Each structure stands twice: as C-alpha cells, then as structure tokens.
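Numbering (the UniProt record's numbering), first residue to last: 1 to 359. Every residue gets a Cβ at the ideal spot worked out from N, C-alpha and C, and that includes glycine. Remember, it's a predicted structure, so these values are computed and weren't measured experimentally.
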C-alpha cells in the first residue's frame, strides 16, 4: 500500500505489517541521496529513505544542517545525531553551531546529540563563539555546555571570541561568556590569554571588559610577551593597559595556607578577638579550589588582590567594582567559576547579606 492510500476498507480484508531491513547501499544510492539533500529536495530524500536506505551510510546528517525538515526526516529514520565515523572532524552539532542554525541545534539536542562532542575546531560552544552567534551561544550555555571547553590548540570559547574580526560581535559574545563565569585568564598552548589576543586585535571595548572582569595585563605568553607587547601599534590599547590599576595595591605576601581573605578592622570587631593579628586585620581561612585569596579592604575599597598559594598573583579587582557583597561574589565567580550562590562572606563570624555595603 502507498503512504497516501486510505485505510477505509472492509474489516474482512487481511492487513499485514512487514518490517524491512536496510538494503545494501551502493555508491550510486549514496550519491543520489547527497544530491537530493544538497538540492533541498524533501520528496526525493523521503523516497530514498523508503527503500529503506541506511541514514548512516554517508554524511547525510552533516550535509542537512541548513534544512531542518530534511534533518528531521533523517533523525526519524534513526540517523545518529552525533554523526558517523566520517563526521569525526565535523559533527553535525558543530556544523550547525558554526552555520548559525539555531533551529537545527535545537533539533539535534532534542534527538540526543552530545553537547561536548568535539570536532576539528572544538566543541559546539567553541564553534558558536568563533562564529560570534550570541543566540546559539546562549542556547548551548542554557543546555549546560562546558564554558571552559578547549580546542586542540587549548583555546577556550572566550579566547576564540577575541580572535574575531568584528569588534561589536566580539564584545557582545565576550560579555555573555564573562557573565556566565568564563575564566578571563585562560591560556592556549602558546600561553596567550583573551586579553593578549584582544590587545593584539586592537579591540578596545573587549580589552576594557576583560580588565573590569579581572584579567591581568602581566601575564606573558610562551615567548615572554605581555598584552602590552602584543598591542604594538595600538596606542589607545597600550594607554588603556598602562592605566590599569591592577598592580597598585600594597603587596601582600601569600603563605602556604588555603583560602585567606583579609578583612579590615571594623568598629564592631574587637582587636582582641580570635583571628585578628597584631596589625588589626581579621583573617578568615577556608579552602577553595586550591587558591589563596589575600586582600585588604579598607573603609574605602581600592583593590582586592588574589594570590595563588605559590605566591603568583592571579587577579586584582578594582574597588570601583566592589560596592556590595554581591558585587564581590560576582567578581570571584567570574574568575574562579564558583557560583556566587555557594559563596559566603563572613565578617566577625556573621554571614553578610548580598546587598550589604563593603564600605
């Protein structure tokens, strides 16, 4: 019976259902199928699948990322949403992300495609960042794609964004990633950071964004060059980097203890209370990700410096960004990836509310 035939017939008729196996697929059939897909000929694709033709016999799914209707037919025929062995370098989801095909991305994820299946240029999130597509990027982040996924060269999505040639697009996508908690000082295999790349590209607003998020102008690549060196010929960027106040806070030597946040001596804080040193600084120790945070928050906060246990400075947060406890938590989330909802800031043993002032 044909698909469009009516089922309105006498009940005494004999109706049988037969399940067919896939036919042996020839090269000619594969070529016909790929031609139908490239020409967006939905009826011809359906005709090939009716043989039945194995939907995984070629790169059919990867070639259909620009036509959701054809892709749905292939997935209905049980095509693997992650592609075949021939799709190793370009999985369907990676292709859809690179081609700005949001509906195709939705379709593949609904069919069970792997969010972290990496191709030649990284995971789907890496490709969305490289393409500068904020809609696909947001959708993948909402689906919980890893924000610190790396390409074979060690580049994270944030670093790939700064490689873009369109400053406005790079700024928009970089803002989304920073807000989502991307590590601003991530390095690729050459030791370059997002700030290093943005400085070389001359993307002023992206440089400003990264500096405000805590990026360190002092970090060098494997050849010893800093972002300032990378900004050769970019006078405005060099001026911006020179004016960055990341290193102007008084030096605080890091010790071998775990997390240490040095809070000021406040009116309600007795100098004789436990945990207060002879200088009147209140010390709060708590392990966190193997890092040590050491900073001084005077009555008028200027800078919070973050140190690694080895003594290496990780980041310095401008006091202008630290008006409230919530602001401090967001800055620490942006650098460490620790959700602010899991952070607690204690002053004299009291949990500070998010809307409390740091003044």
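{"Asked": "Taking the straight line between their C-alpha atoms, what separation do you get for residue 32 and residue 5?", "Found": "27 Å"}
{"Asked": "From the DSSP output, read off the bridge partner residues of residue 351.", "Found": "346"}
{"Asked": "Mind checking residue 341: buried by the 16 CB within 10 Å criterion, or exposed?", "Found": "exposed"}
{"Asked": "Check each candidate in 98, 96, 46, 52 and name the one with the smallest Cα separation from residue 73.", "Found": "46"}
{"Asked": "Can the beta-carbon of residue 59 be found less than 9 Å from the beta-carbon of residue 99?", "Found": "no"}
{"Asked": "Mind listing, in chain order, the continuous alpha helix (DSSP H) runs of no fewer than 4 residues lying wholly within the segment 154-194?", "Found": "157-162, 167-179"}
{"Asked": "For residue 140, collect the residues of the same chain with a Cβ closer than 8 Å to its Cβ; drop the 5 residues on either side in sequence, then sort them by chain order.", "Found": "97, 105, 115, 124, 125, 128"}
{"Asked": "Does the distance from the C-beta atom of residue 130 to that of residue 178 stay below 9 Å?", "Found": "no"}
{"Asked": "By the three-class DSSP mapping on this structure, what secondary structure does residue 365 have?", "Found": "Here the chain covers residues 1 to 359 and nothing more, so residue 365 does not appear."}
{"Asked": "Which residue wins for smallest C-alpha separation from residue 78, given the options 122, 49, 148, 214?", "Found": "49"}
{"Asked": "Could you check which residue in 176, 57, 155 has the C-alpha nearest to that of residue 29?", "Found": "57"}
{"Asked": "Can you tell me the Cβ-Cβ gap for residue 68 and residue 107, rounded? I've got them flagged as a contact below 8 Å.", "Found": "6 Å"}
{"Asked": "Going straight from the alpha carbon of residue 230 to that of residue 203, what length do you get?", "Found": "12 Å"}
{"Asked": "On the three-state DSSP scale, how would you describe residue 35?", "Found": "helix"}
{"Asked": "Quick test of the definition: if touching needs 3 or more C-beta pairs under 8 Å, does the segment 138-156 touch the segment 182-201?", "Found": "yes"}
{"Asked": "Skipping 5 residues on each side, what residues in its chain have a beta carbon closer than 6 Å to that of residue 154?", "Found": "188, 189"}
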